[in-house]
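With positions in the sequence shown counted from 1, the corresponding number in the numbering used here is that position plus 39.
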Amino acid sequence: MQITSARDQLHDAMNVITGVVNTRSTNPITQNVLLVADKSGLELRATDLEVSLRRKLAEVQVKKPGSCLVNANLVAGLLKDIRSDTVEIVVSGTKTELKAGRDKFELQGADPEEFPKLPESGGDTAITLAARDFAAAIRKVGRSVALEKGRYALNGVLLEPAKTCLEFCGTDGRRLGYVKAAAKGKEVKYQVIVPTKGYNLISKVIGNGEGDITLHLSENRLTADVAGTEIATLLVEGQFPDYRSVVPKELDKKFIISTEDFRAALNKARHLTSIESQAVRLEVAPGELTLRSKSPVHGQAEVRVEIEYSGPEEAIGFDPQYILQGLEGVEGEKATFEFKDKETGAIVHAGDKAKFYYLVMPIDI
């Protein structure tokens, strides 16, 4: 195998590849990247046996087709420090020579035949939506996914496809994010729960790119085609809870507030919470919201903000970080905060709950 490639495009591809490779894997072969060159260009492949990626680079000069298997992080590190505009890769057996300007690196690789076979694209159904809508939805609901291992179904984002939309939901039992995005597809009879590594990798590949993403679904796998890259991920096993049954239908109180003012007030108040009690008391009164917090070591805070509210005076406590995460999904200048009492979850949204909302459970104060 012998190829010449622009250093930048190869470096960008390897940055994505390193998001797949698990350096702590007990299977050393999966710490490598497989390079396959043919007349159509160069394809890079990587897997940790749960998530895999194929990335095609068409603008590569292939002088001799072939393949090689080399350590992914090593190659990524070299490409980061190389300053030459182009890179030449020459393979002989399991030895790979990387040339960049006057520099030359001889890398000991492994037999490409030992690399695991990656899953083929395809599935029971395909869903197409704007790539930026997928990335935005993941950004809004991914913060509420359970981080603790062993939560199984809660360690991922639920995707619910329909004919004209795709719904996203993430929850850890204390908060819940929901987004509906326009899409072309159809319903499936099984749950699609995408693990954190899988959806983060897809979002990383999308970046700030335009165009569409196509998701191919089967009962145990999702494959995403985006911008010349194919990402496949096993789905999370388990039963995602019936989240619609826990979302309160009748929240009889609400206030409207400047998104930036609310964010600033929460950030101020949270500085004077304690490790034992990450709580801020919201005191709601006509025209004004007062945020109070207390730290037994550092003191207390009182922050006042103007709001649009004409109901009875109420007081309720929340973890400020959870509300702040909900506000990250509010793209408008005004945020709506709906609530009921100390036992019922409150909802943050941008005025249209049908497209996005963030549910936060109250805490004792």
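C-beta: ideal position from N, C-alpha, C; glycine also.
Can you say whether Ser91 is buried or exposed, counting buried as having 16 or more other CB atoms within 10 angstroms of its CB? Per the 10 Å Cβ criterion, buried.
In whole angstroms, what separates the C-alpha of Gln278 from that of Glu206? The straight-line gap from Cα to Cα measures roughly 17 angstroms.
So is Arg182 buried or exposed if we call it buried at 16+ other beta carbons inside 10 Å? Burial call: buried.
Within the region 267-305, note down every full beta strand (DSSP E) run reaching 3 residues or more, in order along the chain. Taking 3 residues as the shortest admissible run, the region 267-305 contains the following complete beta strand (DSSP E) segments, listed from N- to C-terminal end: 268-273 and 292-297.
With a floor of 3 residues, list each beta strand (DSSP E) that falls wholly inside the region 54-139, ordered by position along the chain. The qualifying runs are 71-77, 80-86, 90-96, 99-103, 105-110, 125-131 and 134-139.
Counterpart residues of Thr262 in DSSP-defined beta bridges: Beta-bridge partners assigned by DSSP to Thr262: His255 and Ala271.
Where Leu81 and Asn194 are concerned, what is the direct C-alpha to C-alpha distance, given to the nearest angstrom? Taking the straight line joining both Cα atoms gives about 34 angstroms.
Since Ala340 is in the beta strand (DSSP E), which residue starts that stretch and which ends it? Gly338 to Glu345 is the extent of the beta strand (DSSP E) around Ala340.
Lys379 in three-state terms, based on DSSP: Lys379 carries a coil assignment under DSSP once its states are collapsed to helix, strand and coil.
Can you tell me where the alpha helix (DSSP H) holding Gly326 begins and where it ends? Premise fails: Gly326 is in no alpha helix (DSSP H) and is neither H nor E.
Which one of Tyr282, Gln360, Arg171 and Ala165 has the shortest CA to CA distance from Val209? For clarity, residue 209 is Gly in the given sequence; the question names Val instead. The closest CA to that of Gly209, considering only Tyr282, Gln360, Arg171 and Ala165, is found on Tyr282.
DSSP bridge partner residues for Gly209 (one or two, in chain order): Gly209 is bridged to Gly216.
Exposed unless 16 or more other CB atoms sit within 10 angstroms - verdict on Gln364: Taking a 10 Å sphere around the C-beta of Gln364, we find 16 or more other C-beta atoms and assign the residue as buried.
When you compare the region 158-173 with the region 121-141, are there three or more beta-carbon pairs, one atom per stretch, that lie closer than 8 angstroms? Under the Cβ criterion (8 angstroms, minimum of three pairs), the region 158-173 does not count as touching the region 121-141.
From Glu159 to Val99, what does the alpha carbon distance come to, in whole angstroms? Spanning the alpha carbons of Glu159 and Val99 requires a straight line of approximately 24 angstroms.
Assuming Pro401 and Gly356 are in contact, meaning their beta carbons sit under 8 angstroms apart, how far apart are those beta carbons, in whole angstroms? Cβ-Cβ separation between Pro401 and Gly356: approximately 6 angstroms, consistent with a contact (criterion under 8 angstroms).
Tell me, please, whether the region 215-222 touches the region 236-249 by the rule of three or more beta-carbon pairs shorter than 8 angstroms. Counting C-beta pairs with one atom in each stretch, the region 215-222 and the region 236-249 have fewer than three that are closer than 8 angstroms, which means they do not touch.
Buried/exposed call for Leu108, threshold 16 Cβ in 10 Å: With 16 or more other Cβ atoms within 10 Å, it is buried.
Please work out which residues of its chain come closer than 7 angstroms, Cβ to Cβ, to Asn259, disregarding the five sequence neighbours upstream and downstream, and give them in chain order. The answer, listed in chain order, is Leu273 and Leu274.
Report yes or no: do the region 334-344 and the region 287-304 share at least 3 C-beta pairs separated by less than 8 angstroms? Short answer: they touch.
Output the boundary residues of the alpha helix (DSSP H) element that contains Phe357. If you look at Phe357, you'll find it isn't in any alpha helix (DSSP H); it sits in the beta strand (DSSP E) that goes Glu353 to Phe357.
Distance, Cα to Cα, Cys405 vs Gly224? Past the boundaries of the shown model lies residue 405; the chain is included only from 40 to 404, so the question cannot be answered.
Between the alpha carbons of Ala318 and Glu299, how many angstroms are there, rounded? Whole-angstrom Cα-Cα distance: 20 angstroms.
Around the Cβ of Leu96, are there at least 16 other Cβ atoms within 10 angstroms (buried) or fewer (exposed)? Counting Cβ neighbours within 10 Å, Leu96 comes out buried, since at least 16 surround it.
Considering only residues of the same chain and omitting the five flanking positions on each side of Pro66, which have a CB-CB separation below 8 angstroms? Position check: residue 66 holds Asn in this sequence, whereas Pro was assumed. Setting aside the 5 residues that flank it on each side, Asn66 is surrounded in the same chain by Leu88, each with a C-beta closer than 8 angstroms to its C-beta; the list follows chain order.
Ile42 beta carbon less than 7 angstroms from that of Ala85: Ile42 is positioned such that its CB atom lies no closer than 7 angstroms to that of Ala85.
Given a cut-off of 7 angstroms, decide if Leu261 and Glu58 are closer than it, judged by their beta-carbon atoms. Glu is not the amino acid found at residue 58; the sequence shown has Gly there. Cβ distance not < 7 angstroms, so Gly58 and Leu261 don't count as in contact.
For the alpha helix (DSSP H) holding Ile405, just list the boundary residues, first then last. Nothing in the structure corresponds to residue 405, since the chain is present only between 40 and 404.
So Ile121 and Asp150 are supposed to be a Cβ contact under 8 angstroms. How far apart are they, rounded? Their Cβ separation, rounded to whole angstroms, is 26 angstroms, which puts Ile121 and Asp150 out of contact at 8 angstroms.
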